[in-house]
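**Q**
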C-alpha cells in the first residue's frame, strides 16, 4: 500500500475504509453492521457526526456502545454487547431486518463481481471446491434484508472478478431487475467503498460504476485493479482525504492497532 | 447434497415427542451419563454461538466416547467442528460459517476435510438456519422467509420457494430441522431442568424445542425456589430437558456471559499447532485437552487459576 493511501500520509487500508465508510452513515440511522472495517466505520460515525446512530450486531445485540481499546473481534462476544440496549437473540435480530428496521447494512470484504454479488463460500465447484471459504454467516441476510447495503473492501484484483463462482450473498444477481424477480423485493447493494474509491451501480443495468476516486488515485489505476468492464461516471469525483480529526479519533478507539492495522 | 425428508418430518417429530416421558422429575445426572445419550449417527445441534456459551465440557466428554457418523449443526461452527473432523466423528457439517474469527484466518482443517470431500459442509444463511430451528420449535415443516432468495445457497440444501397464497409474491420455504440431540450450556438450572440464561440468549431455546433429546450443562444448580423467584428469566422449561449436568466453567475457554471471557490467546496456540503440523496439531490438542483429561476437573487443572481468575474478572467487567 502506498504511504499516502487516500491522500493522507501513513494511513492503513482499514483506516481509509473506516473513515470513508463512516461518512456514508447519517445521524439517527439504524445500521446492521459486520465486524472488521464496517464495525470501525460504525463506531467512528457514532463518535463523529452520528451520535444517534443505532448499531445492530448479528449476535443479537441492539445499540451497543463499544469501549475504546475493547473493540469486539466477533459479533458474538461480550465486547460486542458492551452497554447494549437489548439482547434479543440471533434469529429475532435478523427478523427485525426482514421487517425492514435497518436503513443500512454494512458488510466487509469478499470476492465481489460486477453486479455486487459476494462469494464467501467456495472457489471452484461448490461440492469439491478448490478453496473452501468460511461461508455466509449473516452476510446473505444483511444484503437481502437491509434497505441500503454498503460493502467495504480492499480494492484488489483477486477480489474483483467478472462473475463469482458462487453467489453467497446476492447483490444485483444478473443485473437489471433480476434481484427483484428472484423475490428480494426490498433493498439492495447501493455502494462499494474500496481502498481506491467509491462505486455505485448504474440504475438500468445494475453494473458497478466508478463514482469517485480517492486523492492520488487515477481512473486507470482503478481499471487496472478491476478485471471487468467497469462503468465510469462522468465526471468522476475525488473524495476528501481522511482528516486529522477522523484519524485521531479512530486511532483512539483502537490504541493497540488491533483492527486498524 | 440435499436435505433428507426426515429433517423436516413434523409428524414424525411430533410422534417422537409425544412418546417421550416429559416428567417434572429429577433431570440431574453426571456429565458422563449425559454424554452417553448421544448415539452414533445422530444429528447433533449445538447451543451458544461461535466462542460464546459453547457446551464444550459436554462435547469433550462426548468425544471421549469416540462417536461415529455424527451430523453436527451449528450456525457459526468454531473449532469443535475441527475436533470432530480430525477425531473421525463427523460425516456432515451443517452451518452458516466455520472458523474462529478474523485474527485466526481461514480454517485449514475445514479446507482440508471439505475440499477433499471427506466431510461435506451444508451451508445456509445465518437466518436461514435459525429459521430451520424456529420452524421445528414451532412444530411446523417450514417457514416462509425472504432471506437466501437470489443466492446459490438456495441450491445447496435443495430449498424450495412457494407463491404466497395472499399476495402472489415468491417466498423461500425454509425447511424445518428437527435434530436428534441438542447440546446446551446455560448459566443456571434447578434439578428439574428449568434453565435460565443471562445475557444474549442466542438460539438455545429454539434448538431445545426443536430437538428430540435435550442435554444441558449448567454453571450452577440452584434451588427450585431460586428459579421460582425469577421465572421471567427461565428460557427453557424443565419438561423440555432430558438430562442436566452441573459443569462450572462448562464453556471455557469460550466465554459465558457475565461469568468469564474467552481466551483468544488459547485459540492462538491451537491455531499455531495447526500451522506447524496441520491435522496432527489438532490430534496433539485432543490428546492433551480431550482424551488426556479424564474428568472436567482434570481439564480445568490444565489452565492456571490466575488465568481463569483474569477471565472471570474480564467477564464481570464486560457485562457491567
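Residue numbers (my numbering), protein chains in the order written: chain W, 2 to 262; chain R, 776 to 1095. Using N, Cα and C, we set each Cβ at its ideal position, and we do this for glycine too.
Ignoring anything shorter than 3 residues or poking outside the segment 871-955 of chain R, list the beta strand (DSSP E) runs there in chain order.
**A** 896-898, 917-920, 935-938, 945-950
**Q** Suppose the cutoff is 6 Å on Cβ atoms and the five residues either side in sequence are ignored; what does the same chain contact list for residue 152/W look like?
**A** 108, 193
**Q** Between residue 60/W and residue 34/W, is the Cβ-Cβ spacing less than 7 Å?
**A** no
**Q** Please list, in chain order, the chain R residues whose beta carbon lies closer than 9 Å to that of residue 206/W.
**A** Per Cβ cutoff of 9 Å: no residues; residue 206/W is ~17 Å from chain R at best.
**Q** Which residues of chain W have a Cβ atom closer than 7 Å to the Cβ of residue 872/R, listed in chain order?
**A** 135, 136, 137, 138, listed in chain order.
**Q** Would you check if the distance between the CB atom of residue 911/R and the CB atom of residue 985/R is smaller than 7 Å?
**A** yes
**Q** Can you tell me whether residue 246/W is buried or exposed, with buried defined as 16 or more other CB within 10 angstroms of its CB?
**A** Residue 246/W comes out exposed.
**Q** Roughly how many angstroms lie between the CA atoms of residue 1/W and residue 196/W, to the nearest whole one?
**A** Any property of residue 1/W remains undetermined from this structure, which presents chain W solely from 2 to 262.
**Q** Could you give the distance in angstroms between the alpha-carbon of residue 851/R and the alpha-carbon of residue 235/W?
**A** 43 Å
**Q** Does any residue of chain W bring its CB to less than 7 Å from the CB of residue 918/R?
**A** Judged by the 7 Å Cβ criterion, residue 918/R is not in contact with chain W.
**Q** Measuring only between beta-carbons, confirm whether residue 1084/R sits less than 7 Å from chain W.
**A** no
**Q** Taking only beta-carbon atoms, is residue 818/R less than 7 Å away from chain W?
**A** no
**Q** Residues in the segment 172-187 of chain W with C-beta within 7 Å of chain R's C-beta atoms, listed in sequence order?
**A** 174, 180, 183, 184, 185, 186
**Q** What do you get for residue 947/R, buried or exposed, if any count of 16 or more other CB atoms within 10 angstroms of its CB means buried?
**A** buried
**Q** How about residue 976/R: is its C-beta nearer than 7 Å to some C-beta of chain W?
**A** yes
**Q** Note the first and the last residue of the continuous beta strand (DSSP E) segment covering residue 1021/R.
**A** 1018-1021
**Q** If we ignore side chains and look at the alpha-carbon of each, how far apart do residue 1093/R and residue 127/W end up?
**A** 40 Å
**Q** How would you list, in chain order, the residues of chain R whose beta-carbon sits under 7 Å from the beta-carbon of residue 80/W?
**A** Residues of chain R passing the Cβ test: 1093.
**Q** Looking only at its own chain, which residues have a Cβ that is under 6 Å from the Cβ of residue 143/W, when we skip the five neighbours before and after it?
**A** The beta carbon of residue 143/W sits closer than 6 Å to the beta carbons of 33, 106, 108 from its chain, once the five residues preceding and following it are set aside; these are given in chain order.
**Q** What residue from 233/W, 19/W, 176/W, 130/W has the CA that sits closest to residue 164/W's CA?
**A** 176/W
**Q** Hey, how far is the Cα of residue 902/R from the Cα of residue 130/W?
**A** 24 Å
**Q** Taking Cβ-Cβ distances shorter than 8 Å, what residues in chain W pair up with residue 889/R?
**A** 130, 133
**Q** In chain order, which continuous runs of the alpha helix (DSSP H) of length 4 or greater are located wholly inside the segment 163-237 of chain W?
**A** 179-182, 220-225
**Q** According to DSSP, is residue 127/W helix, strand or coil?
**A** Coil, per DSSP.
**Q** Compute the Euclidean distance between the alpha carbons of residue 756/R and residue 799/R, then round it to the nearest angstrom.
**A** Outside the modelled stretch of chain R, which goes from 776 to 1095, sits residue 756/R, for which no answer is possible.
**Q** Just to confirm the assignment, what range does the alpha helix (DSSP H) spanning residue 782/R have?
**A** No alpha helix (DSSP H) contains residue 782/R, which DSSP labels as neither H nor E.
**Q** What residue from 1070/R, 858/R, 973/R has the CA that sits closest to residue 1005/R's CA?
**A** Looking at the Cα atoms, 973/R is the closest of the given residues.
**Q** Determine the direct distance from the alpha carbon of residue 1037/R to that of residue 1028/R, and round the result to whole angstroms.
**A** 5 Å
**Q** Under 7 Å between beta-carbons, which chain R residues line up against residue 170/W? List them in chain order, please.
**A** 926
**Q** Roughly how many whole angstroms lie between the Cα atoms of residue 882/R and residue 844/R?
**A** 21 Å
**Q** Would you call the CB atoms of residue 183/W and residue 924/R closer than 7 Å?
**A** yes
**Q** Distance check for residue 8/W and residue 2/W, CA to CA, integer angstroms please.
**A** Unreliable positioning characterises residue 2/W in this predicted model, as indicated by a pLDDT of 46, which lies under 50. The coordinate reading is nonetheless provided below. Residue 2/W and residue 8/W: Cα-Cα distance of roughly 12 Å.
**Q** What alpha helix (DSSP H) runs, 4 residues minimum, are completely inside the segment 1032-1060 of chain R?
**A** The segment 1032-1060 of chain R contains these whole alpha helix (DSSP H) runs: 1039-1052.
**Q** Listed from N- to C-terminal order along the chain, which residues in the segment 32-49 of chain W have their beta-carbon within a distance smaller than 9 Å of any beta-carbon of chain R?
**A** 36, 37
**Q** If you follow the alpha helix (DSSP H) that residue 834/R is in, where does it begin and where does it stop?
**A** Element bounds for residue 834/R: 831-839.
**Q** Take residue 120/W as the anchor and find which of 161/W, 84/W, 202/W, 219/W has the nearest alpha-carbon.
**A** 161/W
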